[in-house]
Amino acid sequence: MLARGPARPAARLCYKPKLSPPSPRRADGIDIEARPPSPAVPDSSSPNTSGPLVVMESNEPVAEAAPSAMPLLHGVPGAPSPQFALLNYFFPGFSVFISAANAYIGTDVNLYIHSLIALCGAVVVWSYARSFVWNLVDEHLMSSVRIRTDDEIYNMVMLWLSKQKFSQTSRHFLANTNLNSRSRFMYRYNDSSDEDDDEDDNDEDEDGGGETVGETVGDANGHQKSALHYTPAFGSHYFWYRGYPLMFERHQNRQEVNLQSLSEREELSISCFGRSPWILKQLLVDARQMHLKKDKRKTLIYRGNLTETYWQRCMSRLNRPFATVILNEQAKRELLDDAADYLNPSTRRWYANRGIPYRRGYLLHGPPGTGKSSLSLALAGYFRMKIYIVSLSSASATEENITTLFNELPTRCIVLLEDIDSAGLTHTREDAAAPKAASTPPPPPPPALAGGGTAGPTPPAGGRLSLSGLLNILDGIASQEGRILVMTTNHIEKLDKALIRPGRVDMIIPFGLADAGMTAAIFRAIYAPYENEHALLHRPRRGKRSRAKDVCGHADEADQNDGVAERLRTRERVDGLAKRFAANIPELEFSPAEVQGLLLRHKREPERAIDAAALWVTQMRKERKAKEEELEDTSKRPKEQPMPSDAEGAKVEDGGAAKASPTAKESAAPEPKGTADSVEREKAAETPYETDEDTPPSSVDSPVVDSKADGIGSAKVLVSPSEAVSGTAADAATTD
Ligand SMILES: Nc1ncnc2c1ncn2[C@@H]1O[C@H](COP(=O)(O)OP(=O)(O)OP(=O)(O)O)[C@@H](O)[C@H]1O
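Residues in the sequence shown are numbered consecutively from 1, following full-length UniProt numbering.
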């Protein structure tokens with residue numbers, strides 16, 4: 001449709017020539033007009049402007065709506081307006097946006113360019129101003145604390161955070177199965193067994209009605225998987241703490257560019273308003289207490305890493321109740337009283353006033369498997385002390401290393417030196433290396449020491465710890481005060497008098513083989529039901545399936561309804577059975593550990609344990625006899641055979657001399673494997689199965705070697721396959 005008329009001559013005069021022929025896209029890429037060129041539009045260059053004006057009506061609005069979009073208004077035809085070009089330069093795609101707005105909304109955004117530029121400027125200025133003001137506020141009106149991953153406080157704060165509501169509800173969060181720092185500086189404090197804590201945490205939550213923190217998941221077999229903990233993601237998070245608004249920030253520390261993973265490079269900070277940081281300190285105290293509470297029911301065990309000379313936290317065990325260590329009641333009471341008196345805060349001053357070094361030492365001695373380590377652990381748990389174990393028979397146990405370790409000990413702790421007789425301290429290295437060492441008793445201590453003097457034998461070559469070195473570490477002038485030293489040995493007679501003189505050892509506690517009373521007590525400890533477990537006894541024999549269920553800890557309804565009365569009845573019955581069992585075991589012939597081994601094979605069937613006792617005794621005796629004969633053969637052999645090679649000698653030199661001493665129990669001679677007792681004796685003889693590869697193969701029926709049941713020391717302990725599934729029953733029964 002064409003129109004002729006004088007309605008808008010100016011518009012036509014001005015625009016038509018420039019729009020003809022209209023181009024869908026200009027040289028600068030800006031869409032101006034999407035309409036097809038109109039053949040009726042006269043050429044602007046044509047001088048014939050007086051001719052009839054034929055204009056497409058549809059072009060009119062374009063001519064009117066476009067002026068601001070038309071850059072030629074500003075001069076050079078086809079050139080974009082400066083603002084337009086600038087915006088397009090800084091915001092690629094801006095022109096597309098403008099065109100789209102033009103085409104679809106009919107709005108000319110160019111009209112608002114100035115406003116837009118002003119807005120952008122305002123935003124930039126605001127962001128700068130805001131950060132400037134915020135920095136000022138932060139610096140002068142706020143307090144903050146930074147927490148790095150290489151300090152234990154990180155673990156504490158993370159635990160605390162994971163229990164806060166804002167962590168639970170945060171939309172951006174990190175899920176962790178292990179909250180502890182991965183920093184290599186911190187790794188030493190980490191404890192793989194802490195995963196077990198989840199169960200305890202949940203218990204506490206149930207008790208205290210606290211927030212749900214971890215979600216421990218059990219599989220069909222009742223095995224617990226690690227709990228999930230949620231902590232706020234990287235960035236800033238705001239929360240309320242004791243009525244104060246606080247800000248938690250989690251940063252990635254980009255300056256530390258190394259091969260560590262992301263979580264190792266993070267840093268936490270918590271800020272509060274006000275110039276006083278007391279609320280932050282309060283928060284840290286809370287976090288610390290929560291962390292300590294987590295370990296409240298645990299005994300923390302540290303092991304001396306002699307290569308890198310630091311104490312490595314190797315595990316935490318539920319406190320072992322003192323009552324579960326079967327020992328002469330009077331001896332136990334005396335030990336407890338003595339330790340309690342020593343640890344009393346006023347005692348330290350008492351010692352200091354009299355110039356007496358504030359130290360206490362106990363020596364526990366007796367045959368293997370009689371409860372020495374168990375008592376040490378129970379003592380640590382009773383007084384809530386950490387236990388530090390160091391192996392003096394290690395090749396890296398030099399005087400310097402041990403001194404460094406002892407200097408790092410906290411003031412209140414238990415230091416455990418296990419099997420001190422086997423540390424090779426009573427003789428020089430040269431003596432120990434002598435080929436006869438494997439078959440002859442060690443030489444008597446040098447005369448200088450026999451009288452209790454502190455001068456030791458010649459320091460061994462290679463920097464190994466000497467007796468005098470150890471004595472200096474234990475109570476030399478530079479040695480630390482405040483700790484309790486516990487030494488255990490199977491051969492008190494081998495120890496130098498200097499080592500066990502009063503002042504170094506203040507109480508000697510003997511442990512013995514099981515008498516009737518002990519045997520009955522062990523029986524009761526295993527079969528008596530505890531409040532937190534369903535009765536194991538007197539279940540009607542059921543199908544395989546239901547028995548398997550019990551093993552996995554699923555209590556059936558009847559078990560759940562077991563009341564106090566039933567427990568009492570069961571205990572009475574167990575008492576009677578215990579007496580019967582004790583009557584079947586000869587007194588002072590077997591160690592408590594050996595008796596416990598037998599019972600653990602029938603841990604849900606006390607009657608069967610009683611029935612099996614007689615046969616077990618016969619087998620044990622047979623095995624012992626066979627072992628003694630082998631031992632005799634072995635002891636005769638050196639006379640007929642050539643001397644051992646250098647390599648064998650070196651083994652003995654590495655602390656093996658005492659282990660190879662020719663007593664029936666401790667002989668290193670090969671023995672038939674496969675029974676609990678033979679493996680127990682392997683433990684006693686400290687057969688050096690250091691790695692899994694070295695572990696002898698075990699059949700289904702034979703016990704397997706696992707980490708030590710009492711969790712102390714690196715020595716291996718023996719558990720039956722069923723124990724391997726459900727844990728050490730005796731120990732489980734004794735947990736609080
Ligand atoms: N007197 C005891 N009371 C309770 N349990 C005992 C006793 N003796 C041994 N046991 C049990 O036997 C196992 C081994 O005990 P423990 O390690 O304490 O013996 P030990 O005397 O330290 O042995 P070793 O001299 O070989 O180190 C543990 O599971 C422990 O529960």
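Virtual Cβ for every residue (Gly too), placed ideally from N, Cα, C.
Worksheet item: Going by beta carbon distance, what residues of the same chain come within less than 6 Å of H172, once the five residues before and after it are set aside?
Response: A233
Fill in: Bridge partner(s) assigned by DSSP for H229
N176
Worksheet item: For Y362 versus L335, is the C-beta distance shorter than 9 Å?
Response: yes
Discussion item. Using CA atoms only, rank isn't needed, just tell me which of P277, A612 and D575 is closest to D138.
Written reply: P277
Discussion item. In whole angstroms, give me the CA-to-CA distance for F91 and C120.
Written reply: 12 Å
Worksheet item: What residues in its chain sit with their C-beta under 8 Å from that of A582, if we drop five residues either side in the sequence?
Response: A516, G517, T519, A520 and F523
Discussion item. What residue range does the alpha helix (DSSP H) around S373 cover?
Written reply: K372 to Y382
Worksheet item: Can we count T324 as close to ligand 1, meaning its CB is less than 8 Å from some heavy atom?
Response: yes
Practice prompt. Report yes if the C-beta distance between V415 and V486 is below 9 Å; otherwise report no.
Written response: Contact annotation: V415 and V486 have beta-carbon atoms nearer than 9 Å.
Worksheet item: Residues bridged to K298 by DSSP?
Response: K298 pairs with L318.
Discussion item. Closest to Y244 by C-alpha separation, out of L292, M142, I105 and T169, would be which residue?
Written reply: M142
Worksheet item: What is the rounded straight-line gap between the Cα of residue 758 and the Cα of R303?
Response: Missing from the structure shown is residue 758; the chain here goes from 1 to 736 and no further.
Worksheet item: P510 by DSSP, collapsed to three states: which one?
Response: strand
Worksheet entry | Reduced DSSP category for N344 - H, G, I as helix; E, B as strand; rest coil | coil
Fill in: Any 3 or more C-beta pairs closer than 8 Å across the segment 604-614 and the segment 574-594
Contact holds: three or more Cβ-Cβ distances are below 8 Å.
Worksheet item: When you compare only the Cα positions, how much space is there between K332 and F239?
Response: 51 Å
Worksheet entry | Neighbour-count burial assignment, R608, 16 or more Cβ in a 10 Å radius | exposed
Worksheet item: The alpha helix (DSSP H) spanning E566 covers which residue range?
Response: V564 to N584
Discussion item. Pop quiz: G366 and A593 are said to be a contact at Cβ under 8 Å. What is the actual Cβ separation, rounded to whole angstroms?
Written reply: 11 Å between Cβ atoms; not a contact.
Worksheet item: For Y530, which three-state DSSP category applies?
Response: coil
Discussion item. Taking its Cβ as the centre, do 16 or more other Cβ atoms sit within 10 Å of R242, making it buried, or is it exposed?
Written reply: exposed
Worksheet item: Do R571 and G482 have their C-beta atoms closer together than 9 Å?
Response: no
Worksheet item: When you compare each of S131, I147, I387 and A175 to K298 by their alpha carbons, which one comes out closest?
Response: Nearest of S131, I147, I387 and A175 to K298, Cα basis: I387.
Fill in: C272 - containing beta strand (DSSP E), residue span
Segment E266 to F273, the beta strand (DSSP E) holding C272.
Worksheet entry | Contact check, A227 vs T307, beta carbons under 9 Å | Cβ distance not < 9 Å, so A227 and T307 don't count as in contact.
Worksheet item: What do you reckon, is the C-beta of A520 under 8 Å from a heavy atom of ligand 1?
Response: no
Practice prompt. Name, in chain order, the residues that DSSP records as bridge partners for S143.
Written response: C272
Fill in: Buried versus exposed, by CB contacts within 10 Å (16 or more), F94
buried
Worksheet item: Roughly how many angstroms lie between the CA atoms of Q480 and N407, to the nearest whole one?
Response: 7 Å
Practice prompt. Leaving out five residues on either side along the sequence, give the residues of the same chain with a beta carbon under 8 Å from the beta carbon of E249.
Written response: Correct list, in chain order: G235, S236, H237, L268, S269, I270 and S271.
Worksheet item: Short check: CB of L588 to CB of A514, under 9 Å?
Response: It is a contact, given that the beta carbons lie within the stated cut-off.
Worksheet item: Got a sec: does ligand 1 put a non-hydrogen atom nearer than 8 Å to the Cβ of L369?
Response: Rather than Leu, the amino acid found at residue 369 in this sequence is Gly. True, at least one ligand heavy atom lies under 8 Å from that Cβ.
Discussion item. Please report the distance separating the alpha-carbon of A352 from that of E400.
Written reply: 28 Å
Worksheet item: If you check the beta carbons only, do V325 and A397 fall under 9 Å apart?
Response: no
Worksheet entry | Secondary structure of A520, DSSP reduced to three states | helix
Worksheet entry | Integer-rounded CB distance, given that A339 should sit under 8 Å from I484 | 7 Å
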